[in-house]
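The opening position of the sequence shown corresponds to residue 1 in UniProt numbering, with each subsequent residue numbered one higher. Each residue gets a CB set at the ideal place from its N, CA and C atoms; glycine is no exception.
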Amino acid sequence: MKTYGNIKVAIADDHEIFRDGLRAMLQKQQDILLVGEAANGKELIEQVISQEPDIVISDVKMPVMDGAAATRHLAEHYPHVGIIALTMFDEEDLIIDMLEAGARGYLLKNADKNEIIEAIKSVYQQQPYYCRHTSNKLAQMVAKSKFNPYKQKQKPEFNEREIDIVADICNGLTSKQIAEKIFLSVRTVEGLRLKIMEKMEVKNTAGIIIYAIKNNLYKPGNI
């Protein structure tokens with residue numbers, strides 16, 4: 001596991017106002033150092049070459065060279081750089097393009113400061129990151145895509161209760177609903193959910209769904 005020093009970050013977005021806001025937020029973080037900015041994929045590649053960031057946060061739709069093309073180039077030539085895609089709610093197909101091109105996670109553009117920092121630190125630790133507000137539909141699209149960050153990892157074991165809870169989570173049940181279904185307290189179910197996330201090394205419900213489908217713990221349609 002990497003230790004935190006200053007995590008070097010480069011950002012790419014063709015909207016200057018958005019870059020301004022992201023820059024202002026990142027510059028306030030003690031353990032993050034903003035080392036480069038770009039308005040398109042070509043400039044981003046140039047920034048990666050010259051500034052050597054650890055993490056890149058890249059918009060999907062950009063002129064000259066889009067995010068997926070830039071990501072594909074960086075993943076091939078600079079595989080140590082962790083790439084996080086920035087997307088809008090209605091860009092599901094583009095999220096898949098970015099992940100299959102080599103991005104290790106994605107954020108919606110309305111993500112708050114805490115989630116952006118969490119995503120940066122997760123990808124820096126070589127863990128995938130999925131936006132907290134991922135829809136069940138998108139999670140299943142990601143799970144069925146070629147994107148698979150779990151290939152090289154030793155798979156943990158899950159007991160029967162944990163597998164049942166994973167299926168309930170994938171089917172959209174809340175912790176309260178799961179608790180009522182299996183006659184446990186909400187607090188106990190929350191504890192089991194946390195344990196499942198720790199085993200999977202994911203941060204949220206989207207991570208559980210994607211991990212479960214990728215690793216055959218759950219098959220969509222088992223409702």
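* So, helix, strand or coil for Ile223, using DSSP? -> Residue 223 sits at position 223 when you count from the first residue of the sequence shown. Interpretation of Ile223 is limited by its pLDDT of 39, a score under 50 that renders its predicted location unreliable; no figure is taken from the coordinates.
* Measure the alpha-carbon distance for Phe53 versus Lys61 and round it to whole angstroms. => As a position in the sequence shown, residue 53 is number 53, starting the count at 1. As a position in the sequence shown, residue 61 is number 61, starting the count at 1. The sequence as given places Pro at residue 53; Phe does not occur at that position. Approximately 21 Å, taken between the alpha carbons.
* Out of Thr71, Gln47, Ile45 and Leu86, which has the shortest C-alpha to C-alpha gap to Asp13? -> Against the sequence shown, residue 13 aligns to sequence position 13. Ranking Thr71, Gln47, Ile45 and Leu86 by Cα distance to Asp13 puts Leu86 first.
* To do: Please work out which residues of its chain come closer than 7 Å, Cβ to Cβ, to Phe147, disregarding the five sequence neighbours upstream and downstream, and give them in chain order.
  => Translated into the one-based positions of the sequence shown, residue 147 becomes position 147. Taken in chain order, the residues that qualify are Leu99 and Glu100.
* **Nearest neighbour of Tyr129, chosen from Gln140, Ser185, Met141 and Glu115 [CA to CA]** => Along the sequence shown, one-based indexing puts residue 129 at 129. Closest option to Tyr129, Cα to Cα, is Glu115.
* Asked: Nearest to residue 225 by CA position, among Lys181, Gln127 and Thr174, is which residue?
  -> Look at the range of the chain in this structure, 1 to 223, and you will see that residue 225 is not part of it.
* Should Pro156 be labelled buried (16 or more other beta-carbon atoms within 10 Å of its own) or exposed? -> Along the sequence shown, read from residue 1 onward, the residue named residue 156 stands at position 156. Counting Cβ neighbours within 10 Å, Pro156 comes out exposed, since fewer than 16 surround it.
* **Chain-order list of residues whose beta-carbon lies under 8 Å from that of Ile96 (same chain, five-residue window excluded)** => Taking the first residue of the sequence shown as position 1, residue 96 is located at position 96. Correct list, in chain order: Met141, Val142, Ser145 and Phe147.
* Asked: Are Gly36 and Val64 close, meaning C-beta to C-beta below 8 Å?
  -> If you number the sequence shown from 1, residue 36 lands on position 36. If you number the sequence shown from 1, residue 64 lands on position 64. The answer is no: Cβ separation not under 8 Å.
* Buried/exposed call for Glu76, threshold 16 Cβ in 10 Å -> Start at 1 with the first residue of the sequence shown, and residue 76 comes out as number 76. So Glu76 counts as exposed.
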